[in-house]
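Okay, so here's the structure we're looking at.
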Amino acid sequence: MDDVGPWSGVAAPLVALVGILAATLTDPSFSWTHSALSDLGVAGPPTAWLFNGGLALGGLLAAPFVRWRWSTTTGLGRVGTGVLALSLAAMVGVAAFPSGHALHFPVAVGFYLLFTLALLLTGAGDLRRGAARRGAATVALAAGHLSTWLLWAAGVRPGPGLAVPETVGALVLTGWMAVTARRGLSATPR
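Numbering-wise (the working numbering), the sequence shown opens with residue 7 and increments by one.
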């Protein structure tokens with residue numbers, strides 16, 4: 007039972023990514039360069055169900071991962087884990103408040119900003135406790151994600167849509183969670 011937390015760190019982002027990808031494949035009007043991922047949440051069935059369901063289920067499935075991270079970290083790592091929990095709650099909020107709802111923009115922006123802050127805090131915590139390689143990689147992921155958005159805002163992009171930087175962010179979070187979960191699984195006695 008000790009490995010439920012790490013396994014949820016693998017399953018949760020994969021469920022969300024599969025939901026997003028499936029939604030992109032079912033919406034003929036979706037464009038990677040001209041759409042936002044959130045457009046999928048209001049596209050009608052089955053697209054909206056796949057997108058919103060994937061985000062909501064992915065966010066909920068991450069709860070054991072957050073609990074496990076909380077129990078295995080201290081200091082800045084624990085603060086980062088708390089911020090990650092808020093970010094994942096915001097991800098569920100994106101599903102609960104689809105594009106066009108007054109709360110959609112705050113929860114969508116909150117998701118990306120909060121998970122970037124969570125990575126910065128977690129990486130700084132790793133650096134402080136001497137895990138230099140892991141800490142530097144985590145901070146680099148956060149910086150890379152932020153850079154993607156800064157480039158998009160500066161006009162360095164394939165089109166006006168948000169889907170590309172949103173997907174980069176989703177992949178950054180998925181990668182970090184998977185590597186973190188793997189570390190936890192390799193430390194779990196069998």
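The C-beta atom is built at its ideal place from N, Cα and C for all residues, glycine as well. On a predicted model such as this, the values are computed, not experimentally measured, just so you know.
Thinking C-beta only, is residue j closer than 9 Å to residue i?
| i | j | result |
| --- | --- | --- |
| A149 | F117 | no |
| G47 | F57 | yes |
| L92 | E172 | no |
| L94 | A69 | yes |
Under a three-way DSSP split, which group does residue i fall into?
| i | result |
| --- | --- |
| W76 | helix |
| F117 | helix |
| S35 | coil |
| D132 | helix |
| A28 | helix |
| P112 | helix |
| R163 | coil |
Quick one: give me the first and last residue of the alpha helix (DSSP H) that residue i is part of.
| i | result |
| --- | --- |
| W155 | A138 to A159 |
| A187 | A169 to A193 |
| S41 | Run containing S41: none; DSSP gives neither H nor E here. |
- Could you tell me whether the region 124 to 139 touches the region 76 to 89, where touching means 3 or more Cβ pairs closer than 8 Å? yes
- Item | Segment contact flag, the region 49 to 68 with the region 17 to 25, C-beta cutoff 8 Å, min 3 pairs | yes
- Query: Do the region 109 to 125 and the region 69 to 76 make contact, defined as three or more Cβ pairs closer than 8 Å?
  - Reply: no
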